[in-house]
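Participant: Protein chains in written order, with our numbering: chain A, 1 to 360; chain B, 1 to 360; chain C, 1 to 360; chain D, 1 to 360.
Glycine is no exception: its CB is placed at the ideal position from the N, C-alpha and C atoms.
Protein chains: 4
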Amino acid sequence: MTQLEVIGTLDHLQRIAKSLLPRDIVDFIDGGAGAEHTLRANERDFQDLIILPRVLRDVAQVDLSTTVLGTRIDLPVLVAPSGSHRLAHPEGELATARGAARTGTCYVISTSSSYPMEEIAAASHGPKWFQLYCYRDRAITRSLIERANVLEFQALCVTVDTPRVGRKDRDLRNKFRFPEHVRWRNFDDSGLEVAPAGDVAAYIASQWDPSVTWHDIEWIRSLTDLPIVLKGILHPDDAELAVGSGVAGVIVSNHGSRNLDGVSSSIRALGAIVERVDGRVEVYCDGGIRRGTDVFKALSLGARAVLIGRPCFWGLAVSGADGVARCFEILRDELYAAMTLAGITRVSEIDDRATSWRPY
Amino acid sequence: MTQLEVIGTLDHLQRIAKSLLPRDIVDFIDGGAGAEHTLRANERDFQDLIILPRVLRDVAQVDLSTTVLGTRIDLPVLVAPSGSHRLAHPEGELATARGAARTGTCYVISTSSSYPMEEIAAASHGPKWFQLYCYRDRAITRSLIERANVLEFQALCVTVDTPRVGRKDRDLRNKFRFPEHVRWRNFDDSGLEVAPAGDVAAYIASQWDPSVTWHDIEWIRSLTDLPIVLKGILHPDDAELAVGSGVAGVIVSNHGSRNLDGVSSSIRALGAIVERVDGRVEVYCDGGIRRGTDVFKALSLGARAVLIGRPCFWGLAVSGADGVARCFEILRDELYAAMTLAGITRVSEIDDRATSWRPY
Amino acid sequence: MTQLEVIGTLDHLQRIAKSLLPRDIVDFIDGGAGAEHTLRANERDFQDLIILPRVLRDVAQVDLSTTVLGTRIDLPVLVAPSGSHRLAHPEGELATARGAARTGTCYVISTSSSYPMEEIAAASHGPKWFQLYCYRDRAITRSLIERANVLEFQALCVTVDTPRVGRKDRDLRNKFRFPEHVRWRNFDDSGLEVAPAGDVAAYIASQWDPSVTWHDIEWIRSLTDLPIVLKGILHPDDAELAVGSGVAGVIVSNHGSRNLDGVSSSIRALGAIVERVDGRVEVYCDGGIRRGTDVFKALSLGARAVLIGRPCFWGLAVSGADGVARCFEILRDELYAAMTLAGITRVSEIDDRATSWRPY
Amino acid sequence: MTQLEVIGTLDHLQRIAKSLLPRDIVDFIDGGAGAEHTLRANERDFQDLIILPRVLRDVAQVDLSTTVLGTRIDLPVLVAPSGSHRLAHPEGELATARGAARTGTCYVISTSSSYPMEEIAAASHGPKWFQLYCYRDRAITRSLIERANVLEFQALCVTVDTPRVGRKDRDLRNKFRFPEHVRWRNFDDSGLEVAPAGDVAAYIASQWDPSVTWHDIEWIRSLTDLPIVLKGILHPDDAELAVGSGVAGVIVSNHGSRNLDGVSSSIRALGAIVERVDGRVEVYCDGGIRRGTDVFKALSLGARAVLIGRPCFWGLAVSGADGVARCFEILRDELYAAMTLAGITRVSEIDDRATSWRPY
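Pasting the structure below:
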């Protein structure tokens with residue numbers, strides 16, 4: 001698709017993707033838990049944070065690069081872990097990996113990927129993390145971690161906010177089922193039923209462990225030397241516990257509002273957690289990032305970087321790896337513009353003086 | 001209707017019910033007083049209360065059961081008293097009683113039921129309260145209480161917020177009249193005109209007593225050993241008076257916004273009353289509960305349980321007792337998901353640390 | 001029109017009136033200054049004031065009567081002064097006077113009435129005030145006052161907020177002109193051009209005096225023994241000056257938002273003025289009153305009574321004197337319901353404990 | 001067009017202009033950066049500022065005139081600098097100059113004008129400022145300043161908020177290109193490509209200097225004796241630096257929200273800057289001014305005058321110089337009405353007692 005460069009916003013990309021995908025898959029990707037109040041808040045609450053630009057600063061050179069857990073990336077936006085990329089494109093996670101690498105960022109591979117992590121690892125040279133769901137069968141869990149060790153990913157990202165799946169109204173109404181060809185391929189050799197086709201919620205209820213606690217984080221730490229990032233923290237007290245548990249980072253997230261409606265938007269939850277963590281570990285944020293100005297705002301509250309989930313599906317649907325790359329190009333160009341126009345030349349300089357909650 | 005299980009939300013149930021019932025009956029059931037500002041606030045104000053989930057807690061076992069006035073129920077949601085269930089289904093209150101019992105909860109039978117309380121009591125083995133309107137003719141009032149005594153209900157629920165009926169715009173516009181077949185059957189032997197057909201407001205104005213005061217609560221107490229719950233408290237000072245009057249509980253309620261538009265939503269009124277009552281009696285809440293997360297939020301502010309009114313009519317209209325049961329199943333499943341995802345395993349642990357008013 | 005009693009709200013009355021009147025006259029009556037932000041706020045801001053009902057009070061007898069400047073009226077709602085009632089009905093102010101008297105309230109006749117004040121005075125036995133605009137020609141002004149003296153009205157209401165007419169977008173767009181048959185009949189013998197047909201704004205600019213100050217209020221006082229009420233106060237400092245000027249009352253008003261868009265709604269302005277006046281004179285309020293609950297709320301902030309303007313035009317358009325009476329019957333019934341359901345039996349008991357600004 | 005006088009609001013003027021211009025040009029003129037949140041806030045936030053009118057003041061004589069940098073103008077509204085007026089009318093800036101002069105106000109000529117500044121200067125006798133963008137080629141920049149010196153404009157207005165152009169969604173979607181006939185004519189003799197036809201953003205990126213700092217302001221000051229006004233200040237700290245740099249004024253502006261979405265509306269930013277500047281230089285404001293009441297509100301917060309941009313394009317599109325004049329007549333008439341009805345007779349008397357932020 002040679003016209004990708006005329007798509008100038010993620011909103012535009014989403015509109016095209018919606019016209020290309022089946023309705024029930026659009027609903028699965030874009031939908032949220034319950035009445036979708038938090039889903040909407042994830043995007044809307046960014047509007048309450050005002051950017052305070054400065055003028056007459058030399059902005060001839062603007063540098064978007066940063067590091068995450070020591071790994072250099074070209075812009076402070078990562079691919080959020082999300083499963084089943086083949087829902088949007090036959091090349092699935094392989095395309096995502098290539099698109100992410102082409103734009104110089106890090107890709108967080110999901111436990112529920114529709115290609116095996118080894119194939120995804122081989123698909124590009126870009127930095128990668130592996131995201132872990134803890135299975136009731138600890139042998140399976142251990143095996144996933146060991147494979148991640150072997151593949152020398154840059155980090156292990158443990159999702160802590162999903163003892164069960166959320167109730168997503170749209171999926172209930174659609175009686176959504178995964179297409180047969182979409183399988184979770186990290187379990188090809190596990191003896192597990194490898195596909196969630198049929199009832200995903202039932203599959204997950206039977207496989208994922210709802211009894212995971214902080215002790216399991218210790219156990220996971222004992223199995224790897226990779227730095228660990230906990231994904232799904234919304235409460236400052238849990239951030240404190242995370243720091244105490246020896247992890248390297250936390251991701252402030254409500255799981256794209258796919259789990260529990262009524263919780264805080266991630267941008268509203270971010271500040272108190274950054275304050276509590278106080279620089280002891282890296283803090284990330286995902287949920288509702290649709291603009292370069294959203295990236296700017298999250299960084300101003302103390303996020304080291306942000307992650308995007310749904311937009312990668314839109315990019316995949318529109319143009320595979322090229323579409324994924326386009327997502328990051330758009331955010332890169334928008335963030336570049338935002339920094340230039342705010343008088344800031346390095347991401348490390350985007351701090352709490354750069355924004356203010358409305359009314360200010 | 002074998003498809004009931006695909007109805008995953010009360011909103012969905014309502015849409016179907018609206019398509020099945022005559023328009024003027026939909027308006028009577030769903031409408032509110034005046035311009036319906038409070039009606040909308042009853043639902044909307046829940047959005048201002050943010051859930052604060054905790055992670056990495058063992059939520060393998062989640063228990064929704066609780067007690068109300070010492071009676072165990074399977075989930076903290078009761079059938080709110082409401083009259084004339086035959087408006088929605090020929091089996092009326094009999095179906096409601098069976099649906100409630102099947103899901104293990106308590107049914108508050110209305111004075112204005114369209115079956116006699118004795119028949120309703122016999123329709124199921126579930127726990128039941130009897131709701132009382134005080135009639136000008138105290139012999140009638142006394143008789144109602146005595147029948148409730150004989151039937152050994154678990155409590156007597158006295159509605160205190162209805163010295164007259166409210167002005168409901170939709171009913172005025174529709175010139176709403178009860179269908180002939182819907183009669184208030186608790187008065188079959190009373191010598192009273194047994195049906196409000198014709199003008200309900202005029203009937204009520206002639207029969208219900210607008211001069212009831214706290215002295216009458218004393219008189220009612222003298223007639224029964226059942227614990228008494230006062231329904232319709234919105235002001236903390238009235239909650240204080242209720243505690244002083246020796247009752248066992250209060251229901252924070254604006255009568256489903258059917259009485260006076262412009263009063264507080266019940267969720268906004270709840271906190272101050274819980275604070276004033278300070279554990280001396282049980283506090284309940286109704287009005288605008290449409291989601292398991294709404295139940296969660298009301299409990300976090302100190303409600304022992306909540307009550308739902310209109311959804312039972314929707315369930316009745318769609319599928320009689322099965323539809324009523326479906327209401328409670330939906331809320332049960334949603335509350336179960338909410339507790340699991342918030343890291344809470346027992347309803348008694350849902351306290352004020354679990355939520356915060358927006359912006360927090 | 002025998003169906004008047006099925007019209008249960010002023011909103012309903014307005015919808016019918018809009019269907020009966022020419023579009024440009026609807027716009028003239030219902031329109032406001034500028035972008036109509038204040039017009040909408042006049043109604044909407046009432047929603048921010050929450051009623052706090054009390055229960056278990058004996059409300060068998062509810063009394064809506066009160067006094068205004070010592071005159072007893074049956075409900076605390078007056079006819080606001082407004083000109084040219086023949087725009088809505090051939091009988092114009094004569095019908096208004098009869099409708100107001102039939103419902104036991106007071107009618108404030110406008111300087112710009114389309115019947116002479118003498119004919120209006122003779123049309124009913126109800127209490128009446130005369131509203132005065134100060135003309136550049138003081139002989140005309142003096143003559144108006146002297147005629148009011150002769151007719152022994154209960155008060156003289158001097159409008160102080162209109163040194164010029166406002167810019168009403170709708171009238172500009174419609175190039176609104178008064179119909180030829182609508183003339184301001186208080187000037188039949190004045191030598192003045194008696195009709196504003198042609199350009200009302202130009203007529204007013206040439207006749208009304210923009211240089212009126214507090215000295216003119218002194219002069220007006222010297223010409224009459226009637227109690228004087230100043231209409232159009234929004235600032236507490238002006239309320240203080242009013243008290244100092246020896247008048248008997250003030251009306252908190254933004255002229256139905258017909259003068260200057262962007263000023264406060266009247267309900268938002270009321271409280272500070274009541275506080276400043278501190279009981280030294282009577283305080284009234286108009287603007288946006290559409291419900292009995294609005295009357296209740298204004299009284300709770302300290303208004304002695306309220307006035308309604310546009311609804312009288314709607315009533316006139318629908319059914320002349322009967323329609324005007326219907327306006328007041330609706331508000332009476334709604335206020336009666338509101339007081340009963342709030343546990344209040346006399347208008348003097350509606351005080352600041354009865355409401356609270358949201359969120360409370 | 002003899003009907004101009006029936007256009008009574010800028011909104012009306014805009015509607016007609018939209019019907020006359022090509023869609024992509026409408027989008028270029030009216031569009032804003034990003035999701036246009038700030039664009040909407042620029043207009044909407046005025047609604048949060050309430051006017052506090054006073055009554056019974058002699059307003060027979062109301063004077064709208066004021067001075068800007070010592071130059072008398074007939075009303076406190078200037079033509080904001082904006083380029084390429086030939087987009088809206090063949091006579092472009094020549095018509096704008098004539099319309100502005102006819103209504104007695106000052107015209108700020110843009111660097112990017114579609115007629116040379118010399119021709120514009122000759123088109124009318126009204127006061128004029130020249131607005132400067134700093135080119136990478138300092139010889140070009142110096143030449144622009146020297147020509148402004150020769151033409152004896154009243155001030156040099158240096159735009160400081162545009163190190164690059166903003167990302168305007170609508171223009172990206174339209175692939176907007178300037179029509180061939182619209183050229184930036186101040187560079188006819190510069191050796192520069194004289195037209196931005198093709199890609200404006202690329203042209204600007206290659207020509208305008210993103211490394212301009214406060215040192216360049218010093219350099220510019222060294223080249224002229226004209227008073228300098230810095231346009232595009234949103235942060236009080238930058239206002240402080242501006243005062244220290246020796247300029248004569250600052251314009252609080254977000255560039256009509258054409259640069260960076262998510263920044264404050266200008267009316268919300270104004271107060272803190274006025275407070276910081278504390279009278280040391282003149283403070284102006286642009287962005288979202290659509291009503292005389294908006295002018296009134298900006299002045300109440302301390303603006304000496306305001307500037308309007310887009311409305312001049314609407315006026316040009318509808319009727320050339322006459323249309324531009326109509327813009328200022330509308331605002332003049334609306335401001336006149338606002339001052340009269342607020343009890344204020346001179347613009348210098350519009351101070352912070354005249355307004356209050358909602359709720360007040």
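Applying a beta-carbon distance threshold of less than 8 Å, which residues of chain D neighbour Ala338/A?
Facilitator: The contacting residues are Leu260 and Gly262.
Participant: Closer than 9 Å by beta-carbon distance: list the chain C residues that pair up with Asp58/D, in chain order.
Facilitator: The contacting residues are Pro163, Pro210, Ser211, Val212 and Thr213.
Participant: Using 8 Å for Cβ pairs, my map puts Thr69/D next to Ala148/D. What's the rounded Cβ distance?
Facilitator: Reading off the sequence, residue 69/D comes out as Leu, not Thr. That belief does not hold up - the Cβ atoms of Leu69/D and Ala148/D are roughly 14 Å apart, past 8 Å.
Participant: CB-CB under 6 Å to Met1/D, same chain, minus the five flanking residues each way: which ones, in chain order?
Facilitator: Because the pLDDT of Met1/D is 49, which lies under 50, any placement of that residue in the model is unreliable, and the question is left without a value.
Participant: Quick check: the segment 29–39 of chain D against the segment 338–347 of chain D, are at least 3 beta-carbon pairs closer than 8 Å?
Facilitator: Short answer: they don't touch.
Participant: Cβ closer than 7 Å: which chain D residues qualify as neighbours of Val55/A?
Facilitator: Residues of chain D passing the Cβ test: Val160, Asp161, Gly232, Ile233 and Asp238.
Participant: Expressed to the nearest angstrom, what Euclidean distance is found between the alpha-carbon atoms of Ile204/C and Ala201/B?
Facilitator: In a straight line, the C-alpha of Ile204/C is about 50 Å away from that of Ala201/B.
Participant: Between Ala35/A and chain B, is there a C-beta pair that is closer than 8 Å?
Facilitator: Yes, its Cβ sits closer than 8 Å to a Cβ of chain B.
Participant: Looking only at its chain, what residues have a beta carbon closer than 6 Å to the beta carbon of Leu307/C, apart from the 5 residues adjacent to it on each side?
Facilitator: If we look at Leu307/C and ignore the five residues flanking it on each side, its Cβ neighbours are Leu78, Ala80 and Asp286.
Participant: For a quick check, are the C-beta atoms of Ile50/A and Thr355/A less than 8 Å apart?
Facilitator: Contact flag set, yes.
Participant: If you pair each beta-carbon of the segment 166–175 of chain C with each one of the segment 271–288 of chain C, do three or more pairs fall below 8 Å?
Facilitator: The segment 166–175 of chain C is not in contact with the segment 271–288 of chain C.
Participant: How would you list, in chain order, the residues of chain D whose beta-carbon sits under 9 Å from the beta-carbon of His417/A?
Facilitator: With chain A covering 1 to 360 only, the question about residue 417/A has no answer from this structure.
Participant: Do Ser300/A and Asp351/A have their CB atoms nearer than 8 Å?
Facilitator: Closer than 8 Å, so yes.
Participant: Which value, in whole angstroms, describes the spacing of the CA atoms of Ala60/C and Ile73/C?
Facilitator: Cα to Cα, the separation comes out at about 21 Å.
Participant: Please classify Trp129/A as buried or exposed, where buried requires at least 16 neighbouring CB atoms within 10 angstroms.
Facilitator: When all chains shown are included, Trp129/A counts as buried.
Participant: Going along the segment 283–305 of chain B in order, which residues come within less than 9 Å of chain C, judged by CB to CB distance?
Facilitator: Cβ contacts with chain C come from no residue of the segment 283–305 of chain B.
Participant: Consider the Cβ of Arg138/D: report whether some Cβ of chain A lies at a distance smaller than 8 Å.
Facilitator: It does not; no Cβ of chain A falls within 8 Å.
Participant: Under 9 Å Cβ-Cβ, which residues of chain D neighbour Val6/A?
Facilitator: Correct list: Leu172, Arg173 and Lys175.
Participant: So is Ala305/D buried or exposed if we call it buried at 16+ other beta carbons inside 10 Å?
Facilitator: Ala305/D is buried by the Cβ-count criterion.
Participant: So which residues of chain C does Ile51/D contact, with C-beta pairs closer than 7 Å?
Facilitator: Within 7 Å Cβ-Cβ: Leu260, Gly262 and Val263.
Participant: Given a cut-off of 8 Å on the beta-carbon distance, is the pair Glu282/A and Gly249/A in contact?
Facilitator: Their beta carbons are under 8 Å apart, which means Glu282/A touches Gly249/A by this criterion.
Participant: State yes or no: is the beta carbon of Asp169/D nearer than 8 Å to at least one beta carbon in chain A?
Facilitator: Yes - at least one Cβ of chain A is within 8 Å of the one on Asp169/D.
Participant: Give me the Cβ distance between Ser112/C and Gly83/C, rounded to the nearest whole Å; I'm assuming they're in contact under 8 Å.
Facilitator: Rounded, the Cβ-Cβ distance is 3 Å, consistent with contact.
Participant: Do you know how far the Cα of Leu260/B is from the Cα of Ala298/B?
Facilitator: Going by the C-alpha atoms only, they are around 22 Å apart.
Participant: What is the DSSP secondary structure of Asp63/D, reduced to helix, strand or coil?
Facilitator: In this structure, Asp63/D counts as strand in the three-state DSSP scheme.
Participant: How many whole angstroms separate the CB atoms of Ile25/B and Leu87/B, which I take to be in contact at a CB cut-off of 8 Å?
Facilitator: With 8 Å as the limit, Ile25/B and Leu87/B qualify as a contact, their Cβ atoms being about 5 Å apart.
Participant: Would you identify the three-state DSSP class for Gly249/B, choosing helix, strand or coil?
Facilitator: Strand.
Participant: Can you name, in chain order, every residue of its own chain whose Cβ lies under 7 Å from the Cβ of Asn186/C, other than the five neighbours on each side?
Facilitator: Once the five neighbours on either side are set aside, the close Cβ partners of Asn186/C are Thr111, Ser113, Pro116, Met117 and Leu144.
Participant: For Gly191/A, count neighbouring C-beta atoms within 10 Å of its own C-beta (all shown protein chains included) and say buried if the count is 16 or more, exposed if not.
Facilitator: Per the 10 Å Cβ criterion, exposed.
Participant: Ordered along the chain, which non-local residues of its own chain (more than five positions away) have a Cβ less than 7 Å from that of Leu335/B?
Facilitator: These residues qualify, in order along the chain: Leu64, Leu75, Gly292, Val295 and Phe296.
Participant: Report the residue from Val108/C, Ala303/C and Asp189/C whose alpha carbon sits nearest the alpha carbon of Gly279/C.
Facilitator: Of the candidates Val108/C, Ala303/C and Asp189/C, the one whose C-alpha sits nearest the C-alpha of Gly279/C is Ala303/C.
Participant: Mind checking whether His89/C and Leu316/C have CB atoms under 8 Å apart?
Facilitator: Yes, Cβ-Cβ distance for His89/C and Leu316/C is below 8 Å.
Participant: Mind checking if Ala342/D is an interface residue toward chain C, Cβ cutoff 8 Å exclusive?
Facilitator: It does; some Cβ of chain C falls within 8 Å.
Participant: Starting from Leu307/A, trace the beta strand (DSSP E) in both directions and tell me its first and last residue.
Facilitator: Leu307/A -> beta strand (DSSP E) spans Ala305 to Ile308.
Participant: Quick one: using the 10 Å Cβ neighbour count with 16 as the cut-off for buried, is His181/A buried or exposed?
Facilitator: Burial call: exposed.
Participant: Considering only their Cβ atoms, is the gap separating Cys327/C from Leu39/C smaller than 8 Å?
Facilitator: In this structure, Cys327/C does not lie closer than 8 Å to Leu39/C by Cβ.
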